[in-house]
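>
Protein chains: 2
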Amino acid sequence: MTTEFAKLPKPPYYAVIFSSQRREGDDGYGATSDRMVELARQQPGFLGVESTRGDDGFGITVAYWESEEAIKAWRLQTEHAAARERGRADWYRHFEIRVARVERAYGWDQAGGHTRG
Amino acid sequence: MTTEFAKLPKPPYYAVIFSSQRREGDDGYGATSDRMVELARQQPGFLGVESTRGDDGFGITVAYWESEEAIKAWRLQTEHAAARERGRADWYRHFEIRVARVERAYGWDQAGGHTRG
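So the sequence lines, in the order shown, correspond to chains A and B. Position one of the first sequence corresponds to residue 1 (the numbering used here), numbered consecutively onward. Position one of the second sequence corresponds to residue 1 (the numbering used here), numbered consecutively onward.
1) Is there a Cβ from chain A that is less than 8 Å from the Cβ of residue 75 of chain B?
2) Hey, residue 37 of chain A and residue 6 of chain A: beta-carbon distance below 8 Å or not?
3) Identify which residue in A:43, A:92, A:24, A:27 has its Cα closest to the Cα of residue 111 of chain B.
4) Is residue 106 of chain A buried or exposed, if buried means 16 or more other CB atoms sit within 10 Å of its CB?
5) From the beta carbon of residue 67 of chain B, is the nearest beta carbon of chain A less than 8 Å away?
6) If the cut is a Cβ gap below 9 Å, which residues of chain A does residue 52 of chain B touch?
7) For the pair the region 49-59 of chain B and the region 67-75 of chain A, tell me if three or more CB-CB distances fall below 8 Å.
8) For residue 9 of chain A, tell me which candidate among A:90, A:65, A:31 has the shortest Cα-Cα distance.
9) Helix, strand or coil, according to DSSP, for residue 34 of chain A in the structure here?
10) Buried or exposed for residue 78 of chain B, please, with buried defined as at least 16 other CB atoms from any protein chain shown within 10 angstroms of its CB.
11) Which residues, in order along the region 98-114 of chain B, keep a beta-carbon less than 7 Å from a beta-carbon of chain A?
12) Throw me the rounded Cβ distance for the residue 16 of chain A and residue 81 of chain A pair, which I believe falls under 8 Å.
13) Just grab the DSSP bridge partners of residue 104 of chain A for me.
14) If I'm right that residue 96 of chain B touches residue 11 of chain B with Cβ under 8 Å, what's the distance once you round it to whole angstroms?
15) Since residue 90 of chain A and residue 27 of chain A are thought to touch, with beta carbons under 8 Å apart, how far apart are those beta carbons, to the nearest angstrom?
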């Protein structure tokens, strides 16, 4: 799973904040996780994703979308739905999902100072 | 920094999504990070926080607040403002902040199945 910063357009847009606690072991998780990012990038309305996980297995992934409609379409994507089933069966102990509308954004870089989205 | 799941009320509420790339070394970061969570918990309108960082130094912290006013008040908190200065001077290579209004939320637990916020 990549950990680069997402390059996003100016708000408004939508964020799906997925926080999760993994079980022990990989069990096919890594490959599916990479595949889901690859598939999401092909979805209409996908804007970007940022993701990280600590050694304790607690992770946060935030996927950014143009609209609620784009989020719903991704939910219905067949391979993604199957991966969610595996997530509940095999990979996660607990997860929380919050869907939010991004209203403002800004960034900062050591080299270039502040930027505003 | 704790990595527990935040227990949140029903939406709507606000999320401040902070993604960051750390520089090498601790340089006082860990202690200040813990202190900021301790201080945030004392702020009016603070609802919870979830945070994690990978071995590559890329991290995501999501803080949840009752309102935009609560977020603005936290921005003006003196010790927090000083910590942000140190962040730019010493700790971060790059960061992005997105402020979003959470509209719906749900969770899942291995033991108990789905819950809805």
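Beta carbons: idealized from backbone N, C-alpha and C, even for Gly.
Concretely, from the data shown:
1) In the second sequence, residue 75 of chain B corresponds to position 75, counting from 1. Judged by the 8 Å Cβ criterion, residue 75 of chain B is not in contact with chain A.
2) On the first sequence, residue 37 of chain A is found 37 positions in, with the first residue counted as 1. On the first sequence, residue 6 of chain A is found 6 positions in, with the first residue counted as 1. No; because the gap between Cβ atoms is not below 8 Å, this pair is not in contact.
3) Taking the first residue of the second sequence as position 1, residue 111 of chain B is located at position 111. It is A:92.
4) Against the first sequence, residue 106 of chain A aligns to sequence position 106. The residue in question, residue 106 of chain A, is exposed, as its Cβ has fewer than 16 Cβ neighbours within 10 Å.
5) Taking the first residue of the second sequence as position 1, residue 67 of chain B is located at position 67. Using a CB distance cut-off of 8 Å, residue 67 of chain B does not count as an interface residue toward chain A.
6) Taking the first residue of the second sequence as 1, we reach residue 52 of chain B at position 52. The contacting residues are 19, 52, 53, 54, 56, 58, 59, 60.
7) no
8) Position 9 of the first sequence holds residue 9 of chain A. For the residues A:90, A:65, A:31, the minimum Cα distance to residue 9 of chain A belongs to A:65.
9) Reading the first sequence from its first residue, position 34 is the one you call residue 34 of chain A. The answer is helix: DSSP assigns residue 34 of chain A an H, G or I state.
10) What you label residue 78 of chain B is simply residue 78 of the second sequence in a count that begins at 1. Result: exposed.
11) Per Cβ criterion, the list reads 98, 99, 100, 101, 102, 103, 104, 105, 106, 107, 108, 109, 110.
12) Translated into positions along the first sequence, residue 16 of chain A becomes position 16. Translated into positions along the first sequence, residue 81 of chain A becomes position 81. Rounded, the Cβ-Cβ distance is 15 Å, inconsistent with contact.
13) Along the first sequence, one-based indexing puts residue 104 of chain A at 104. Answer by DSSP bridge pairing, in chain order: B:99.
14) For the purposes of this step, residue 96 of chain B is identified with residue 96 of the second sequence, where counting begins at 1. For the purposes of this step, residue 11 of chain B is identified with residue 11 of the second sequence, where counting begins at 1. No, residue 96 of chain B and residue 11 of chain B are not in contact; Cβ-Cβ is about 23 Å, not under 8 Å.
15) If you number the first sequence from 1, residue 90 of chain A lands on position 90. If you number the first sequence from 1, residue 27 of chain A lands on position 27. About 5 Å separates the two Cβ atoms, so the contact holds.
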